[in-house]
Structures are given as structure tokens and as C-alpha cells.
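K.L.:
If you read the sequence shown in this note's numbering, its first letter stands for residue 994, the second for the next number, and so on.
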Amino acid sequence: MEAKETEKLARKAIKGNAKAYGRLIEDQKEYLYRMAYLYMKNEAEALDVVGDCILNGFKSISGLKNPQFFHTWLTRILINTAKSRLKKTVWMEDYDQLRNAAPEEGLSVEEKMDLHRAIDRLPDKYRTVVLLKYFFDMKTREIAYVMEIPEGTVKAYLSRARDALRSDLKEDYRYAN
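#1: Which residue marks the beginning of the alpha helix (DSSP H) containing residue 1049, and which one marks its end?
#2: Would you say the stretch 1034-1044 touches the stretch 1129-1144, given that touching needs at least three Cβ pairs under 8 Å?
#3: Using three-state DSSP, classify residue 1028 as helix, strand or coil.
#4: With residue 1136 as the anchor, note down where its alpha helix (DSSP H) starts and where it stops.
#5: Below 7 Å between beta carbons: does that hold for residue 1046 and residue 1071?
#6: Comparing alpha-carbon positions, which option in 1143, 1110, 1064 and 997 lies nearest residue 1129?
#7: Pick helix, strand or coil for residue 1100, following the three-state DSSP scheme.
#8: How many Å lie between residue 1050 and residue 1067 at the Cα?
#9: Let me confirm a value: residue 1006 is counted as buried when at least 16 other C-beta atoms fall within 10 Å, else exposed. Which label applies?
#10: Does the stretch 1146-1164 touch the stretch 1114-1122, meaning 3 or more C-beta pairs lie closer than 8 Å?
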């Protein structure tokens, strides 16, 4: 869906049009599931998070001030919902499905698994910026909006996350070759 159409539907949804909200969700559902799965590592939990996100979004759509930011607004709701659920549940390591959802072209299966394990070991704030930046191609400005932090902080988190990943993965491959 084009940005203008998304904004138009978001304006209608803000005014209470449930069909418009439904069309927006239909357009976002695959993205929401992938993002939720990266957090939850479990299909059923990811589906629950998406359902809760959709419901929470519908309840609070009238508070969306900038319709052009519907996608980032909904992403913020999804992340907050996933974090809340994670506090109540234990993460499950299901890397078979995760590696199929991740866009690391040119890496072996083992390298992908090592990368995902290293990302999982990052502090929550660093993991979130890495996922949004490299798995969902969000711009720094969008990440800042979603996480409710300044753009400079996003850049700092990305830099620290890359350093931590580099260090972590270097240790894994120190004795390789």
C-alpha cells in the first residue's frame, strides 16, 4: 500500500472507521507477525502478540496525532506488547524458523544461528535497534520515533550493538580456519 493511501486510511481510522483500520492491519499483518516472531521466538506467542497489538491499536487509534506515522506507531505498540509478554514468559530458542525469516544472504546456516544467538545476547535496547534497522530496514528517524528516544541515541545504540556483535562473533570464530 502506498504512503498516501495509508495516511488516508489512518485518518479515517482515527475518526472511528473500523473498516479503514482493518484495511491498514491487512496491509501490515505479515510485517507484524515477522517482528513479533523475532521477539517471541515462538509462533503461538507471536500470534498472540500480534492479536494484542491489533486490539491495543484499535483501542488507541484516536490518539494517533500524525497519520503518516501509522506504521511506526503500530510498530511501537507491537514492541511494547512483546516486551510486556516477554516479562511474563520465557524465551524459546527456535532457530530453525528464525533463520528462515532473517535476511542474512550469503551466510551459512551455522553463521546465521551464531548471529541470532549473538543478537539475542544483546541488551534489549540494542537488540531492538538492530532488529528494526537491519531486519526491517527502518530509518534512524523511524526507530527513534518507535522507541521514543532521540536519533543520536539510536545511532549510539547501533554503534554499541555492532561493537558488541563484532566482539562476540570474533570470539566464536577466533579459532576457525
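C-beta atoms are modelled at their ideal positions from N, C-alpha and C, and glycine is treated no differently.
P.N.:
To lay it out plainly:
#1: Here residue 1049 corresponds to residue number 56 of the sequence shown, with the count starting at 1. Element bounds for residue 1049: 1036-1053.
#2: Three or more beta-carbon pairs separated by less than 8 Å are not found between the stretch 1034-1044 and the stretch 1129-1144, which leaves the two stretches without contact.
#3: Taking the first residue of the sequence shown as 1, we reach residue 1028 at position 35. Residue 1028: helix per DSSP, three-state reduction.
#4: Mapped onto the sequence shown, residue 1136 falls at position 143. From DSSP, the alpha helix (DSSP H) with residue 1136 extends over 1133-1140.
#5: Start at 1 with the first residue of the sequence shown, and residue 1046 comes out as number 53. Start at 1 with the first residue of the sequence shown, and residue 1071 comes out as number 78. Result yes, Cβ atoms of residue 1046 and residue 1071 sit closer than 7 Å.
#6: Sequence index remark: in the sequence shown, residue 1129 carries index 136 (1-based). It is 1064 whose Cα lies nearest to the Cα of residue 1129.
#7: Here residue 1100 refers to the residue found at position 107 when the sequence shown is read from its first residue. In this structure, residue 1100 counts as coil in the three-state DSSP scheme.
#8: Mapped onto the sequence shown, residue 1050 falls at position 57. Mapped onto the sequence shown, residue 1067 falls at position 74. In a straight line, the C-alpha of residue 1050 is about 7 Å away from that of residue 1067.
#9: For the purposes of this step, residue 1006 is identified with residue 13 of the sequence shown, where counting begins at 1. Buried, by the Cβ-count rule.
#10: Counting Cβ pairs under 8 Å, three or more are found: they touch.
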